[in-house]
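Here the structure is laid out as structure tokens; the discussion comes afterwards.
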Amino acid sequence: MFTKKSLVIIVIIITALFVASRWHWNFFDDSDIEQVQGVETQTQKELRVNFLDVNQGDAILIETPGGAQILLDGGEGQAVLAKLGKYLPMTDRTIELMVLSHPHSDHLDGLIEVLKRYTVKEVWFTDVVHTSSGYLEFLNLLKDKNIPVKNIFACTEIKEAGCSEEINFEEGVIFKVLWPVENLAGKRVAELNNSSLVLKLVYGANAWLLPGDLDSAGENQLAINKPWELKADMLKVSHHGSSSATGEAFLRLVSPTDAVISVGADNDYGHPSLRIINRLKRASVNIWRTDELGDIITIGDGSAIKITNP
């Protein structure tokens, strides 16, 4: 049984809670709620392009404003798995889009490990012929898991059936397809690096040029075919900074403010070449290296790109 005193105390507490709740909702009127929601929406409108430190290889995780994850190349071995665990929510085991620039192991092997462990909704690649055991395993996984694939190649003046000029991934997020300029499906090529899928990622006024391992022969042809499409704020330096790429004429057309070099520390290839480092410096390009800084995080809001490393 409640005493008269305890009942009075209970009534006072209930009244106080009611008044406090009324004050709370009156304090945050509709305009305040909209403003808070607006801040959240603004944050969601950022596009993140994460250049992952996977030692001597390429792996780029793109996080779109709509919440999708795109993985472009996966490096060699399993290093990319730890990176995905770092940047993706624990409960998120889905990659909306996987892209393979070309089937060399330092771009391919990590993607195989991801295919084994994640749900991948779609894969883009050139479908070029290559007979390495890793590439055959990659193709078999795509088939066994019944993953939709898209053979990607750029359009020219003579538009070959199935070519792509640009692909709208989601509202405001556009991939411009620059290379290769022919359908490589079922074809053998003399040099896999120059079969690299070259994409320009565009978000508002922001642009990232992602050329895989394209070497100077491919760069020169690209400069002839689509020079007006090469301008970008951010350049992923081709072929880990090899002296066989990032020619002066090509660099002038891209005219980037910043460049990322995905490269392993003390690698056996002498990457990045001192010649390329000096070329970038002469062009007043800011250089960001994964062997020195780890992951390079670039965040675009449609007008400017900010760069950090966690």
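Numbering (this note's numbering), first residue to last: 1 to 310.
Think of the CB as a built atom: it goes at the ideal place given N, C-alpha and C, for glycine as much as any other residue.
I'd like to confirm the pairing. Which residues does DSSP put opposite residue i in its beta bridges?
i, result
"V173", "E170, Y203"
"T308", "I297"
"A190", "None; A190 has no bridge partner."
"S286", "Just to set this straight, residue 286 is Asn in the shown sequence, not Ser. DSSP output for N286 lists D258 as bridge partner(s)."
"G241", "DSSP, once it has assigned bridges, lists no residue as partnering G241."
"T119", "T94"
"G74", "A59"
"K150", "W124"
"S164", "A154"
"V198", "W179"
"L280", "DSSP lists no partner for L280."
"L210", "L199"
"V99", "L72, W124"
Look at residue i and residue j and say whether their C-beta atoms are less than 8 angstroms apart.
i, j, result
"S258", "I299", "The amino acid occupying residue 258 in the given sequence is Asp; Ser does not appear at that position. In this structure, I299 does not lie closer than 8 angstroms to D258 by Cβ."
"T64", "F169", "yes"
"G134", "V54", "no"
"V80", "E113", "yes"
"W179", "V198", "yes"
"T156", "N225", "yes"
"D215", "S244", "yes"
"K83", "A59", "yes"
"Y203", "G67", "no"
"E165", "E182", "no"
"G57", "S195", "no"
"N146", "G162", "no"
"L136", "L115", "no"
"D295", "F51", "yes"
"L280", "V254", "no"
"M98", "V120", "yes"
"L192", "H271", "no"
"L210", "L72", "yes"
"L47", "V173", "yes"
"I276", "V237", "yes"
"L201", "V49", "yes"
"A283", "L251", "yes"
Is residue i buried or exposed, if buried means 16 or more other CB atoms sit within 10 Å of its CB?
i, result
"R289", "buried"
"P89", "exposed"
"N206", "buried"
"L274", "exposed"
"A154", "buried"
"G218", "buried"
"N286", "exposed"
"E76", "buried"
"E266", "Reading off the sequence shown, one finds Asp at residue 266, where the question assumed Glu. D266 is exposed by the Cβ-count criterion."
"A232", "buried"
"I70", "buried"
"N220", "exposed"
"T91", "exposed"
"G186", "exposed"
"T41", "Low confidence applies here, because T41 scores a pLDDT of 34, under 50, leaving its location unreliable; read the following figure in that light. So T41 ends up on the exposed side."
"D106", "buried"
"K143", "exposed"
"G131", "Here residue 131 is Thr; the residue named in the question, Gly, does not match the sequence. Label assigned to T131: exposed."
"P310", "exposed"
"I305", "buried"
If you follow the beta strand (DSSP E) that residue i is in, where does it begin and where does it stop?
i, result
"A59", "59-63"
"F138", "Not the beta strand (DSSP E): F138 falls in the alpha helix (DSSP H), residues 133-144."
"V49", "47-51"
"L222", "No beta strand (DSSP E) holds L222; the alpha helix (DSSP H) holding it covers 216-225."
"L235", "234-236"
Starting from residue i, trace the alpha helix (DSSP H) both ways and give me its first and last residue.
i, result
"K231", "Where K231 is concerned, there is no enclosing alpha helix (DSSP H), given that its DSSP letter is neither H nor E."
"G85", "79-87"
Using beta carbons (cut-off 8 angstroms, strictly below), is residue i in contact with chain C?
i, result
"K145", "Any reference to chain C falls outside this structure, which holds one protein chain only."
What do you reckon, is the C-beta of residue i under 7 angstroms from a heavy atom of the ligand GTP?
i, result
"A245", "Absent from the structure shown: the ligand GTP. Ligands present: none."
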